[in-house]
Every structure is written in C-alpha cells, then in structure tokens.
Ligand SMILES: [Mn+2]
C-alpha cells in the first residue's frame, strides 16, 4: 500500500495530510476555504486516492495556508511514491467542464518543474484568490518532485477553468502513478530517478 503522512507546523500554519494512492476509501478535506476544499476534494476524487487534509491558518494569511497545504500535499505524495518503482511515470489528460477545456501533463520521474497557463483574469474565484492557483501548482510540483504543465485551451467561467485544471491534474497523476506490471522497475534509461 503506497501511503504518505505529513504533519507540518510553523508559526504560520498547521497542516496535516494523510493519503493513500491505493485505497480510496475515505476522503475529508478542511482548509477554511470552501473553494479550496472543493478543488482539493475534486483532486482526491479524480485521482482516486484516500486523502485527509486538515489545514489551519495560525496567522490569518490565506497565501500561507494555500502554499503550505501544497507543500504538505506534495511531500505526502513524494513519500507515498517512495522509490517510484514500477510506475507508468507519464500522464496526460485534457478535461472539459462546460465552456472550459484544460490539459495537464505530468512526469513523476523526480524532476520538479511547473508551468501553469490558465490566464485567470479575475481577482478571486469564490473565496480563493486567483493568484494562489498557479502558486499552489508550483509548490505542489516542487515538493512532489513532478514536472507539471497545465494549459487552458478554452473557458470563460474561471470556476470551471480552475476546477477543470484540478480534475485534469488528478486524472493525469492517476495515469502516471499507476503500477504497470510490464514496465521496467524504474521507467528511465538511467536506471534511477
Ligand atoms: Mn465547482
């Protein structure tokens, strides 16, 4: 069973993340932001993972809460992936949500990189500041040690664009960390990640 648990407490936030890549029995998300909860739940559901996230702000600054949740989630994913043996490694999904069409492409080969091109032109989406969205993906990619490219092809409603991005990322990740019985133990010619 591939699982990871991270407790990260600073003067700014207190974050607990537990997840299981192979057991999607339970999910509970609590961050204090309804929109952030909604997006994280969409990620966990579409990635088909079990996931508990309890994120509490200690300084009242939302930027820290979103960033630290991404760091803890990324670290928990990195722990769950372990040596990343037998995984497919790459995943790509393009997801529509009404007017929105967003693609996520991931490489779980241990290289941290992210590029998010969602072109969000509104200041906030529900109770979540738009500027936090690409920052969340960057922090997640850095700490999960994944390469992540997210591209918006269409979309007028920023709620749909962002939700499609989280769903596309989740589906791409599920493909990438799936265990492939026919794959080499390490999906790299280097023999290691
Ligand atoms: Mn929604």
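In the numbering used here, the protein residues as written are 19 to 211.
Quick reminder that beta carbons are idealized off the backbone N, C-alpha and C, glycines included.
Remember, predicted model here, so these are calculated numbers, not experimental data.
Would the C-beta of residue 56 count as close to ligand 1, meaning under 7 Å from any of its heavy atoms? On the chain shown, position 38 is the one that residue 56 refers to. Answer for residue 56: yes, Cβ within range of ligand 1.
Here's the rule: buried if 16 or more other CB atoms are within 10 angstroms of the residue's CB, otherwise exposed. What is residue 121? Within the chain shown, residue 121 is the residue found at index 103, counting from 1. It is buried - the Cβ of residue 121 has at least 16 other Cβ atoms within 10 Å.
So what does residue 22 bridge to, in DSSP terms? Working through the chain shown from its first residue, we reach residue 22 at position 4. Beta-bridge pairing by DSSP links residue 22 to 37.
Helix, strand or coil: which one does DSSP assign to residue 69? Working through the chain shown from its first residue, we reach residue 69 at position 51. In the structure shown, residue 69 sits in a strand (DSSP, three-state: E or B).
Please give the ranges of any alpha helix (DSSP H) in the region 120 to 208, keeping only runs that are unbroken, at least 4 residues long and fully inside the region. Whole alpha helix (DSSP H) segments, 4+ residues: 150 to 162, 176 to 194.
What number of angstroms, rounded off, separates the C-alpha of residue 43 from the C-alpha of residue 23? As a working note, residue 43 is residue 25 in the chain shown. As a working note, residue 23 is residue 5 in the chain shown. If you draw a straight line from the Cα of residue 43 to the Cα of residue 23, it is about 16 Å long.
Just grab the DSSP bridge partners of residue 111 for me. Counting from 1 along the chain shown, the entry for residue 111 is found at position 93. Looking at the DSSP output, residue 111 shares a beta bridge with 122.
According to DSSP, residues forming a beta bridge with residue 31: Taking the first residue of the chain shown as position 1, residue 31 is located at position 13. Beta-bridge pairing links residue 31 to 75.
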